Amino acid sequence: MSFAFGIGIGTQNNQGEWLEVYYQQPIMTPGKDLIDVVETALDYKGGNQAMDVKAEQLTRFANALRQLGQTDQAKLAEKAAESKRPVVVTVLATDDTASSTPEVYLKLHLISHRLAKPHSVKLDGIFGLLPNLAWTNEGAVDLNELPERQLQARIEGRTLEVKSVDKFPQMTDYVVPKGVRIADTARVRLGAYVGEGTTVMHEGFINFNAGTEGTSMIEGRISAGVMIGKGSDLGGGCSTMGTLSGGGNIIISVGENCLLGANAGIGIPLGDRCTVEAGLYITSGTKVNLLDDNNEQVEVIKARDLAGKNDLLFRRNSLTGAVECKTNKSAIELNEELHANN
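Each step along the sequence shown adds one to the number in the working numbering, with nothing skipped, and position 337 is 1064.
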């Protein structure tokens, strides 16, 4: 059984190189019958391939899909046959390291479509396959071609607005998951996994290969590779350390029903029902005074020794400045009305 399949419509530069691809209906683990049709209609030879296809091929492919009973994919192929932009059919036989831009985009779509969880898809080496682009009100533009496009737009009486210059686009230009609120869509990258019931406020940020399991209030930063459990609240300006920004090989995560206070931060994974006081940043080497139920010091340990443990309250002693940890007696319950997505 193959790993993934998608019919994509994308953008190429003047040299015919892929800049980005939009997959409306990617499929995880497509059946053998579908792949057999790809082999017959599109001369697919196996392995991981991104195949540039023309209108007549897509029409033939759509007919074969309809005979197979793949009505939705057949309709998509028929619509793609009318596209003024280039079309690619991508088949990933295995989840190997990507070798082309369309392959990377298919993997990022799988995550944002909630077909695959972060860390379940192989994304090593993708930065070399994602071109740095100008993301404009007219789509992706090769940076080398941007000045000419800007001039042409002015000549035609319009303005080409550059919204960002980045390797990753915003997720909502490709996928809008069911049951979420995102106040500033530019702050959620394609490849983010945004669980149903999540609210991302204006200062919230979710990187690729990261996200939320379900109902959460995100007013802070979810860095690459970080997952947030259901019912957890990331306060304004708080931060989670990603594996690409100092976390090493440790996968940072936040369990269920946790609270990171405003401007707090973590460099260790948290278990369930944990609280980090506002303004407190805990790294793996932070010295922590472990307290008993009587607030008496038991021992001094490094924060990494508490990684993944449940029911912990991290705070800073207001008199001594020492970081303390004790049992968290009060679980965090998020405001249901605040998190309503209807």
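We put the CB at the ideal spot given by N, CA and C, even for glycine.
This one's a predicted model, so the numbers in the text were calculated from it and none came from an experiment.
{"Query": "Would Val818 and Trp745 be called neighbours here (beta carbons separated by less than 9 Å)?", "Result": "no"}
{"Query": "So for Val1027, helix, strand or coil by DSSP?", "Result": "strand"}
{"Query": "Can you tell me whether Pro874 is buried or exposed? The criterion is at least 16 other CB atoms within 10 Å of its CB, across all chains shown.", "Result": "exposed"}
{"Query": "Would you call Gly973 buried or exposed, if buried means 16 or more other Cβ atoms sit within 10 Å of its Cβ?", "Result": "Since pLDDT at Gly973 reaches only 46, below the 50 mark, its modelled position is unreliable, and the value read off the structure follows with that caveat. With fewer than 16 other Cβ atoms within 10 Å, it is exposed."}
{"Query": "Is the Cβ-Cβ distance between Tyr901 and Leu833 less than 9 Å?", "Result": "no"}
{"Query": "Go through its chain and collect everything with a Cβ distance to Leu857's Cβ below 8 Å, but skip five positions before and after it.", "Result": "Thr828, Val831, Lys894 and Phe895"}
{"Query": "Determine the extent of the beta strand (DSSP E) in which Val921 is found, giving its start and end residues.", "Result": "Ala919 to Val921"}
{"Query": "Here's a check: name, in chain order, each residue in its chain whose Cβ is nearer than 8 Å to the Cβ of Asn741, leaving out the five neighbours to either side.", "Result": "Asp869 and Glu872"}
{"Query": "Please report how far the alpha carbon of Ala991 lies from the alpha carbon of Arg812, in whole angstroms.", "Result": "45 Å"}
{"Query": "Have a look at the DSSP bridge pairing and note the partners of Glu1051.", "Result": "Asn1016 and Arg1042"}
{"Query": "Are the CB atoms of Gly958 and Gly947 within a distance shorter than 9 Å?", "Result": "no"}
{"Query": "Give me whichever residues DSSP pairs with Ile945 in a beta bridge.", "Result": "Val927 and Leu961"}
{"Query": "Beta-carbon within less than 6 Å of Glu940's beta-carbon, same chain only, minus the 5 sequence neighbours each way: which residues are those?", "Result": "Gly922, Gly956 and Lys957"}
{"Query": "How about Ala913 and Asn936: are their beta carbons less than 9 Å apart?", "Result": "no"}
{"Query": "Helix, strand or coil for Gly774 per DSSP?", "Result": "coil"}
{"Query": "Does the beta-carbon of Gln1024 have 16 or more other beta-carbons within 10 angstroms, so that it is buried, or is it exposed?", "Result": "exposed"}
{"Query": "So which of Leu1033, Tyr920 and Thr824 has the shortest CA-CA distance to Gln897?", "Result": "Tyr920"}
{"Query": "Report the rounded CA-to-CA distance for Asp1020 versus Gln800, giving the unit in angstroms.", "Result": "60 Å"}
{"Query": "Can at least three beta-carbon pairs, one atom from the segment 1023-1038 and one from the segment 999-1006, be found at a separation below 8 Å?", "Result": "yes"}
{"Query": "Bridge partners for Asp779 per DSSP, in chain order?", "Result": "Val815"}
{"Query": "Measure the Cβ-Cβ separation of Val1050 and Ala1030 and say whether it is below 9 Å.", "Result": "yes"}
{"Query": "In the DSSP assignment, find the alpha helix (DSSP H) that holds Ala801 and state where it starts and stops.", "Result": "Thr798 to Ala807"}
{"Query": "If we ignore side chains and look at the alpha-carbon of each, how far apart do Thr786 and His929 end up?", "Result": "44 Å"}
{"Query": "Compute the Euclidean distance between the alpha carbons of Thr798 and Lys905, then round it to the nearest angstrom.", "Result": "22 Å"}
{"Query": "My understanding is that Gly969 touches Asn1016, with C-beta atoms under 8 Å, so please give their C-beta distance in whole angstroms.", "Result": "Not a contact, Cβ separation roughly 27 Å."}
{"Query": "If I'm right that Ser839 touches Gly918 with Cβ under 8 Å, what's the distance once you round it to whole angstroms?", "Result": "6 Å"}
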